[in-house]
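Heads up, the sequence shown is in my numbering, so the first residue is 8 and it goes up one at a time.
Heads up: the structure comes next, in C-alpha cells.
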Amino acid sequence: MNGRLILGCTIVGLIVLVGPVAAFFAPDDPRIWQTHPRNMLPQLDHWLGTTALGQDTFWLLSWSVRNSLMLGVSVAALATIIGVAVGLLAGYRGGPLDRVLSFVMDVLIVIPSLPLLILLSSMTKGQTSLLAVGTILVIFNWPFPARQIRAVALTLRERDFVNLAWFSGESIGRILWRQMVPYLRGWAAANFINTILVVVAVEASLAFLGLSNDNVPTIGTMIYWALKYQALIAGRWWWLLPPIISIVLTFVGFFLVSNELAERLRVNPARAQ
8 MNGRLILGCT IVGLIVLVGP VAAFFAPDDP RIWQTHPRNM LPQLDHWLGT TALGQDTFWL
68 LSWSVRNSLM LGVSVAALAT IIGVAVGLLA GYRGGPLDRV LSFVMDVLIV IPSLPLLILL
128 SSMTKGQTSL LAVGTILVIF NWPFPARQIR AVALTLRERD FVNLAWFSGE SIGRILWRQM
188 VPYLRGWAAA NFINTILVVV AVEASLAFLG LSNDNVPTIG TMIYWALKYQ ALIAGRWWWL
248 LPPIISIVLT FVGFFLVSNE LAERLRVNPA RAQ
C-alpha cells in the first residue's frame, strides 16, 4: 500500500468512525432542541460545544455524517449496479435493444437533476424526504456509468475470450458476469466512490439553499442551521467548522481511495476470464 492509499483509507476510516459508528452511541437524540445549555464552548462534557439550539455539536455531527454517507452509499450502489448491468447488456447485445437503451440514457443524461430537485423541494416546501431525493439521484446517475460501460462492452464483445465463451455455449448472463465484469471492477469501484461524492455534494447544495428537509440532520442541513443562526458572524466556529471540515475530508479521502482502487483493480482484458 502506498502513501496515498493509506492516507485515503485513514481519512475514510475516521469519517466512518465519527459518523455511522459514533452515532450508535449518542446518549440522546441530537435532533431535539434545547436538550443542553446553548452556545457552550468545547469542553469535556461537550467535545465540540453546543449549538444555539441547545444541541450537542459532536453528536449532531455524527448523525449528520451518518445520514449523508447512507444516502451517498445507497444511491451510488444502485446507480452503479444499474449502470453496469444496462451498459453491458446494451453493448453486448447491440441491435434494437442497444438503440432503445441508448436513447433512454441520452434522454436522462441531458436532463439536469439539480433543477428538478430544486423544483421538487419548492413544491414540497423544503420537506422533501431523503428517500425522494435518493430516488431522483439514482434515476439521473445510472446513465453516466451505463454510457461508458456500453462503449467498453462494444470492444470487449469482439475479444477472443468472449467469443470463445460464446462458442462454448455459455449464457449471456455468464458471459457478462464472468468474462466482462472482472475487467470493469476497478472502474466500477471508482465510479461508485465518485457517485457518493456527487450525492453528498448535491444534498449539501440543496440544504445550503434551504430546499432540503431541515428536520433530518445531514452535513448540508447542519451548515444551513449554523448559517441561519449567524454562527459565522457570532464567531461560533465549533458549530460551523466541523461539518465543513467533514465534507472536505470526505471528498479528499474518497478521492484518494477511488484513484488507487481504479489503478489496482484494473484487469488486462486478455486475462479477464
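Virtual Cβ for every residue (Gly too), placed ideally from N, Cα, C.
E210 is not a Cβ neighbour of V111, given a cutoff of 8 angstroms. Judged by DSSP in its simplified three-state form, T42 adopts coil rather than helix or strand. A86 places its beta carbon less than 8 angstroms from that of W149.
Sorting L51, Y190, Q41, V223 by C-alpha distance to the C-alpha of Q134 places V223 at the top. Between the alpha carbons of L268 and G15 lies a distance of about 11 angstroms. For V28, no alpha helix (DSSP H) run applies, since DSSP gives it neither H nor E. The residues F199, in chain order, have a CB closer than 8 angstroms to that of A84 in the same chain once the five nearest residues on each side in sequence are set aside.
Shown here, T142 sits in a helix according to DSSP, grouped into three states.
The shortest CA-to-CA distance from V255 to any of I13, V205, G102 is the one to V205. V72 counts as buried, since no fewer than 16 other beta carbons sit within 10 angstroms of its beta carbon.
The beta carbons of Y99 and A33 sit no closer together than 8 angstroms. For N170, the enclosing alpha helix (DSSP H) covers residues 167-174.
Around the beta carbon of M187, a 10 Å sphere encloses 16 or more other beta carbons of the protein chains shown; the residue is thus reported as buried. DSSP, reduced to helix, strand and coil, places D36 outside both helices and strands of the structure shown, so it counts as coil. The criterion of a C-beta distance shorter than 8 angstroms is satisfied by L68 and M229.
A Cβ-Cβ separation of about 15 angstroms leaves V169 out of contact with I156 under the 8 angstroms criterion. Annotated three-state conformation of D63 is strand, per DSSP.
Here T225 carries a coil assignment [DSSP, helix/strand/coil].
For T202, the three-state secondary structure derived from DSSP is helix.
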